[in-house]
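The end of the sequence shown is residue 409 by the numbering used here, with every number in the run present.
Glycine residues also receive a C-beta, built at the ideal position from the N, C-alpha and C atoms.
Below is one structure, written out as structure tokens, with a few remarks after it.
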Amino acid sequence: MESTKRYASVGSAIAVASLIAAIAAAELVPDPSWAWLWTAAALLAFCAGIGYGVSGHFNGLVIDNRNRVSLSKLQASAWSVLVLSAFLAAAIARIKLNLPNPIAVNIPQELLAVMGISATSLVATPIVLSLKSNEAAPPGQAQRTALMLGDDPNNVVPAGKVYARNSSGDAQWLDIFRGEEVSNAATPDLGKLQQFLITVVTLSIYSIQLWHLFGANQPTQAGTTFMETLPAFSANMAWLIGISHAGYLAYKAAPHDSGTAPAGSSQTPALQDNSVG
Numbered sequence: 133m134e135s136t137k138r139y140a141s142v143g144s145a146i147a148v149a150s151l152i153a154a155i156a157a158a159e160l161v162p163d164p165s166w167a168w169l170w171t172a173a174a175l176l177a178f179c180a181g182i183g184y185g186v187s188g189h190f191n192g193l194v195i196d197n198r199n200r201v202s203l204s205k206l207q208a209s210a211w212s213v214l215v216l217s218a219f220l221a222a223a224i225a226r227i228k229l230n231l232p233n234p235i236a237v238n239i240p241q242e243l244l245a246v247m248g249i250s251a252t253s254l255v256a257t258p259i260v261l262s263l264k265s266n267e268a269a270p271p272g273q274a275q276r277t278a279l280m281l282g283d284d285p286n287n288v289v290p291a292g293k294v295y296a297r298n299s300s301g302d303a304q305w306l307d308i309f310r311g312e313e314v315s316n317a318a319t320p321d322l323g324k325l326q327q328f329l330i331t332v333v334t335l336s337i338y339s340i341q342l343w344h345l346f347g348a349n350q351p352t353q354a355g356t357t358f359m360e361t362l363p364a365f366s367a368n369m370a371w372l373i374g375i376s377h378a379g380y381l382a383y384k385a386a387p388h389d390s391g392t393a394p395a396g397s398s399q400t401p402a403l404q405d406n407s408v409g
């Protein structure tokens with residue numbers, strides 16, 4: 133109980149300080165590019181503070197209810213930090229210039245679509261896995277998988293066919309590349325690998341676009357059009373991300389073992405809801 137209160141207190145302090153730092157960076161750093169970069173860093177610190185306050189771990193925001201690091205949570209968090217930091221930095225810069233309607237910073241529709249796709253995947257993942265949590269896994273498979281992952285077999289809480297741990301301290305970053313079921317939780321998941329690579333590439337490209345846009349639009353030169361819109365996002369790339377997410381969810385829904393275990397197998401039906409994946 134005391135440790136939980138301490139985590140909450142420290143995490144809350146970090147989160148509040150990070151929000152103040154995000155606004156201060158956008159307000160006080162004179163160079164627009166660096167102002168945005170420091171704002172993004174402060175929002176990342178905010179996410180870390182919230183995660184620590186909730187779970188006692190700085191990556192707690194991306195740990196799901198099965199105590200595994202979640203790729204869908206990581207993607208949604210990354211896009212949120214990137215877009216919101218750019219919007220905040222641009223809006224405050226426009227406020228400092230006393231421009232009319234300073235928060236009217238246009239966010240391209242394709243970028244909004246990508247954020248919506250990530251949010252949809254975040255919501256759909258637990259729905260897909262909840263179906264598998266009602267199916268029994270082969271007897272002993274969860275314990276064998278735990279040994280392959282270096283987990284204590286006694287601390288594994290299998291939710292049907294879905295692999296889950298007892299403690300958030302056991303979460304591993306490599307979970308974002310592994311399968312979800314007790315039969316494949318210790319093996320690479322190509323759907324997740326593809327998702328991760330596409331996300332990293334698109335986030336990197338758009339971050340570079342933002343850096344150059346902030347740098348090219350110096351307040352004294354751009355006038356009333358300063359940071360009027362965020363960089364355009366390729367429609368083809370948005371389609372690629374959408375198709376990738378659809379394939380990712382379809383692959384997640386497909387069975388990855390030799391069949392359903394007998395009805396009498398000893399699996400604990402638990403953790404059948406909340407955000408996972």
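Between which two residues does the alpha helix (DSSP H) carrying residue i extend?
i: Thr412; result: In the structure as shown, the chain starts at 133 and stops at 409, and residue 412 therefore has no counterpart that could be examined.
i: Ile259; result: 241-264
i: His388; result: His388 -> no alpha helix (DSSP H), and no H or E assigned at all.
i: Val412; result: What is shown of the chain runs 133 to 409, which leaves residue 412 out entirely.
i: Thr171; result: 164-187
From this set, the options, which residue's C-alpha is nearest residue i's C-alpha?
i: Leu342; options: Leu220, Val213, Pro363; result: Pro363
i: Tyr321; options: Ile308, Glu360, Leu175, Thr331; result: Here residue 321 is Asp; the residue named in the question, Tyr, does not match the sequence. Measuring from the Cα of Asp321, the nearest candidate turns out to be Ile308.
i: Ser253; options: Ala221, Tyr380, Ala386; result: Tyr380
i: Gly188; options: Leu206, Tyr338, Ser300, Ala210; result: Ser300
i: Asn197; options: Met369, Leu329, Ser262; result: Ser262
i: Ile155; options: Pro240, Ala174, Ala278, Arg276; result: Ala174
i: Ser204; options: Ala256, Ala245, Tyr383; result: Ala256
i: Ser315; options: Arg276, Ile330, Tyr338; result: Arg276
Just how far apart, CA to CA, sit residue i and residue j?
i: Ala140; j: Gly181; result: 9 Å
i: Gly272; j: Gln326; result: 30 Å
i: Ser366; j: Ile373; result: 11 Å
i: Ala376; j: Val289; result: The amino acid at residue 376 is misidentified as Ala; the sequence shows Ser. Answer to the nearest angstrom: the Cα atoms are 30 Å apart.
i: Ala177; j: Ser150; result: 6 Å
i: Arg297; j: Ile259; result: 19 Å
i: Pro232; j: Phe358; result: 11 Å
i: Val186; j: Ser209; result: 16 Å
i: Thr171; j: Ala158; result: 6 Å
i: Phe190; j: Val142; result: 11 Å
i: Ala153; j: Phe328; result: 29 Å
i: Ala147; j: Cys179; result: 7 Å
i: Ala221; j: Tyr383; result: 38 Å
i: Val408; j: Leu193; result: Reliability of the predicted coordinates at Val408 is poor, the pLDDT of 49 falling under 50, and no value is obtained from them.
i: Ala348; j: Ser250; result: 29 Å
i: Pro162; j: Phe346; result: 11 Å
i: Pro285; j: Ala278; result: 5 Å
i: Phe219; j: Val237; result: 7 Å
i: Leu169; j: Pro387; result: 42 Å
i: Met280; j: Pro164; result: 48 Å
i: Val213; j: Val333; result: 16 Å
Starting from the C-beta of residue i, find all residues in its chain whose C-beta is less than 6 Å away, skip the five residues before and the five after it, and write them out in chain order.
i: Trp89; result: With the chain represented from 133 up to 409, any question about residue 89 goes unanswered, as that position is not in the structure.
i: Met247; result: Trp211
i: Thr361; result: Asn238
Between which residues of its own chain and residue i is the CB-CB distance below 7 Å, once the five residues before and five after are set aside?
i: Lys264; result: Gly292, Lys293, Val294, Glu313
i: Ile227; result: Pro234
i: Asp283; result: Arg297, Asp302
i: Arg310; result: Ala317, Ala318, Thr319, Pro320, Asp321
i: Trp166; result: none
i: Ala245; result: Ala370
i: Leu160; result: none
i: Lys137; result: none
In chain order, what residues of the same chain have a beta carbon less than 8 Å from the beta carbon of residue i, not counting five sequence neighbours either side?
i: Ala145; result: Gly181
Check your understanding: Quick one: complete alpha helix (DSSP H) runs, 4+ long, within the region 312-350?
Key -> 322-348
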